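Below is one structure, written out as structure tokens; the observations come after it.
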Amino acid sequence: MNDIFIEQLVSKKRSVKDRIVFIAVILLELIIPTTIVLLTMRGFITPYFIYIAFFIFIFGIWFIWFVRSHQNVEFEYQVVQDIVVVSKIIAKRKRKEIMKLDVRTIDKLDKGSEPEIQKMNFVRLYDAAEKSSDDENTTYAVFQHAALGRCALMFNPNERVLNAMKPYLKKEIVLKVFYHRG
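Per the working numbering: the sequence shown ends with 212, consecutive numbering throughout.
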């Protein structure tokens, strides 16, 4: 039997929330040191606070870089035989394994636009998709976790990843996903 090993890397798109946070950090970077300098020039606080404003400004530049780089998120899907390993990579420096999924435990595999999946309740929803759950390219894998119960994985597998999972999926899922029956 051939060993199966497939990898896929998906970059998460920046959300509106990410953009708002980035704009807020920039505004704070401009407002706080400027306010301290203006209060010092008007004589409301001692001139030594200009040094504090300078250090806040320098720290703010680093903080802007930190926030922006931590908004660069990628998800890696690895299929090794009958196991799917999902990892989150932050700023291309930090890797964290989100979950391991035994493909044989998948009960349902559908696109995110399916109303049936949108109505389901899950103990835990693992979000490893590049866009929101409203995207029609987002796939849900509903499965039974041994300790948690019914969970779902939201992800964007390509054809290679799906084909690597195919031998281990239930027949009904294979018929629906690959042959559009059922």
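Glycine is no exception: its CB is placed at the ideal position from the N, C-alpha and C atoms.
Quick caveat: nothing in here was measured; it's all calculated off a predicted structure.
Contact check, residue i vs residue j, beta carbons under 7 Å
{"i": "residue 40", "j": "residue 109", "result": "no"}
{"i": "residue 70", "j": "residue 84", "result": "no"}
{"i": "residue 140", "j": "residue 107", "result": "no"}
{"i": "residue 128", "j": "residue 116", "result": "yes"}
{"i": "residue 43", "j": "residue 160", "result": "yes"}
{"i": "residue 153", "j": "residue 180", "result": "yes"}
{"i": "residue 150", "j": "residue 168", "result": "no"}
{"i": "residue 134", "j": "residue 112", "result": "yes"}
{"i": "residue 55", "j": "residue 86", "result": "no"}
Coil, strand or helix - residue i by DSSP
{"i": "residue 119", "result": "strand"}
{"i": "residue 41", "result": "strand"}
{"i": "residue 213", "result": "Examination of residue 213 is not possible in this model, given that the chain is present from 31 through 212 alone."}
{"i": "residue 136", "result": "strand"}
{"i": "residue 75", "result": "coil"}
{"i": "residue 113", "result": "strand"}
{"i": "residue 36", "result": "strand"}
Residue environment, residue i, which counts as buried when at least 16 other CB atoms sit within 10 Å
{"i": "residue 105", "result": "buried"}
{"i": "residue 136", "result": "buried"}
{"i": "residue 173", "result": "buried"}
{"i": "residue 197", "result": "exposed"}
{"i": "residue 187", "result": "buried"}
{"i": "residue 30", "result": "Not covered by the structure: residue 30. The range shown for the chain is 31 to 212."}
{"i": "residue 61", "result": "exposed"}
{"i": "residue 88", "result": "exposed"}
Element boundaries [alpha helix (DSSP H), containing residue i]
{"i": "residue 209", "result": "201–209"}
{"i": "residue 192", "result": "189–195"}
Range covered by the beta strand (DSSP E) that runs through residue i
{"i": "residue 65", "result": "Not the beta strand (DSSP E): residue 65 falls in the alpha helix (DSSP H), residues 46–71."}
{"i": "residue 131", "result": "124–132"}
{"i": "residue 155", "result": "154–158"}
{"i": "residue 150", "result": "It is not in any beta strand (DSSP E) - residue 150 carries neither H nor E in the DSSP assignment."}
{"i": "residue 214", "result": "Because residue 214 is not part of the residues shown, which for the chain are 31 to 212, the question remains open."}
{"i": "residue 104", "result": "103–110"}
{"i": "residue 185", "result": "179–185"}
Closest residue to residue i among the options (Cα-Cα distance)
{"i": "residue 58", "options": "45, 92 and 134", "result": "92"}
{"i": "residue 119", "options": "131, 187, 100 and 210", "result": "100"}
{"i": "residue 35", "options": "123, 195, 64 and 90", "result": "195"}
{"i": "residue 157", "options": "176, 182 and 175", "result": "182"}
{"i": "residue 45", "options": "103, 67 and 65", "result": "103"}
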